[in-house]
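Each remark here refers to the structure printed beneath this line.
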Ligand SMILES: Nc1nc2c(ncn2[C@@H]2O[C@H](COP(=O)(O)OP(=O)(O)OP(=O)(O)O)[C@@H](O)[C@H]2O)c(=O)[nH]1
Ligand SMILES: [Mg+2]
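Okay, structure coming up:
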């Protein structure tokens, strides 16, 4: 559609700044354009001039504040979960998000204060020159406050983008995290159990970030989370591996630890079991079910529940097991946690 400047101030300026353009430049451009269009009424030329100056100040301030608040929107509603906060801290550094949000909030407060101050000054001024001077001063100060938060706008836009491609989990729905070594068949199982259609391939590290699918177990609605494969290399894990570990630690109601006893994944069974042992030790409160996959490839050691994502063998039994575990856990939590005030009786 043509009409180049229509709705210009509503484009979400900070997040949509052209490459190489500072986010503040896009915001100020939108704000000053809006102010420029002010056409006031008034009995006298001086009245009109004062009103024009007032409109310029108020509109510029309002547009800038609206855009600054938009940069922060994803972190206010819905409120970030503990899992999302940990993912962000892991990727962008602890405290980075909070620092940028605080600086943005401070800039908004300063602009609001400035708005009130300049409006008072405008009421007292009595010449067109004085009005013009006040508007120029306001523009200069707003521009400087907005430019100061450029690094924060950049980081908040990056974090917003990062979250956009991460699963948004419902904190009230149980989450089953499917985890394990690379190439063991996690995505194949997620595809069998849920609505997700993740990429499956015969090489390791196919899944590079978290993906959610949904499943119904009779009365229970579940979130099933596919994760990147994790090697047991404590201290030198990749971003993808850390994402999987954050999911196991912070998102899981239950973890299904998938092992490939056939070793057709390319990794020896003892290495896979070492990762399981480490998680059990480091995360004693996370319930972990161990399931052996690729049962169609023949017999294998161990007395784990055996499934095959290829033939479907054992998948219904796994579904039942997950359902039982979740119901048992819910029953254990219900008396004290779920009924307000019961623990005080
Ligand atoms: N025979 C057989 N092959 C399977 C089974 N499950 C998965 N595979 C194969 O194993 C390979 C890896 O499967 P994926 O589901 O991509 O494994 P993944 O654990 O998600 O792998 P990453 O995302 O790389 O960690 C693919 O070639 C699958 O077809 C199974 O039950 N039986
Ligand atoms: Mg995968």
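Numbering (the working numbering), first residue to last: 159 to 503.
Cβ atoms here follow ideal geometry from the backbone N, Cα and C, with glycine treated the same way.
Residue nearest to residue i in terms of C-alpha spacing, selected from the options
| i | options | result |
| --- | --- | --- |
| residue 242 | 410, 468, 349 | 410 |
| residue 207 | 378, 367, 293, 254 | 293 |
| residue 209 | 269, 278, 230 | 278 |
| residue 254 | 239, 227, 310, 215 | 310 |
| residue 280 | 399, 212, 402, 185 | 212 |
| residue 477 | 352, 295, 489, 399 | 352 |
| residue 285 | 473, 204, 305 | 204 |
| residue 271 | 298, 219, 403 | 219 |
| residue 198 | 239, 188, 186, 215 | 215 |
| residue 366 | 354, 355, 391, 385 | 385 |
| residue 184 | 313, 221, 249 | 221 |
| residue 249 | 258, 330, 316 | 316 |
| residue 240 | 390, 327, 428, 429 | 327 |
| residue 474 | 486, 449, 301 | 449 |
Segment limits, alpha helix (DSSP H) that includes residue i
| i | result |
| --- | --- |
| residue 408 | 397-408 |
| residue 451 | First-last for residue 451: undefined, no H or E at that position. |
| residue 393 | From DSSP, residue 393 is part of no alpha helix (DSSP H); its letter is neither H nor E. |
| residue 374 | Segment 369-375 is the beta strand (DSSP E) holding residue 374; no alpha helix (DSSP H) there. |
| residue 312 | 308-322 |
| residue 478 | 473-491 |
| residue 283 | Per DSSP, residue 283 belongs to no alpha helix (DSSP H) and is neither H nor E. |
| residue 437 | 427-440 |
| residue 348 | 344-351 |
Residue i, enclosing beta strand (DSSP E) - first and last residue
| i | result |
| --- | --- |
| residue 246 | Looking at the DSSP string, residue 246 is not in any beta strand (DSSP E); the run it does join, the alpha helix (DSSP H), is 240-250. |
| residue 338 | 333-338 |
| residue 225 | Careful: residue 225 lies outside any beta strand (DSSP E), inside the alpha helix (DSSP H) at 203-229. |
| residue 379 | 378-384 |
| residue 416 | 412-417 |
Contact test: residue i Cβ vs ligand 1 heavy atom, cutoff 7 Å
| i | result |
| --- | --- |
| residue 473 | no |
| residue 444 | no |
| residue 360 | yes |
| residue 405 | no |
| residue 236 | no |
| residue 351 | no |
| residue 456 | no |
| residue 387 | yes |
| residue 467 | yes |
| residue 329 | no |
| residue 340 | yes |
Any non-hydrogen atom of ligand 2 closer than 7 Å to residue i Cβ
| i | result |
| --- | --- |
| residue 451 | no |
| residue 356 | yes |
| residue 384 | yes |
| residue 344 | yes |
| residue 364 | yes |
Inter-stretch contact at 8 Å, needing at least 3 Cβ pairs: the region 436-446 / the region 458-470: no
The region 335-348 in contact with the region 418-437 per 3-pair CB rule at 8 Å: yes
At least 3 beta-carbon pairs within less than 8 Å: the region 425-436 vs the region 465-481: no
Cβ contact check for the region 251-267 and the region 218-237: 3 or more pairs under 8 Å: yes
Whole alpha helix (DSSP H) elements within the region 258-284, 4-residue minimum: none
Meets three-Cβ-pair contact criterion under 8 Å: the region 393-410 and the region 316-335: yes
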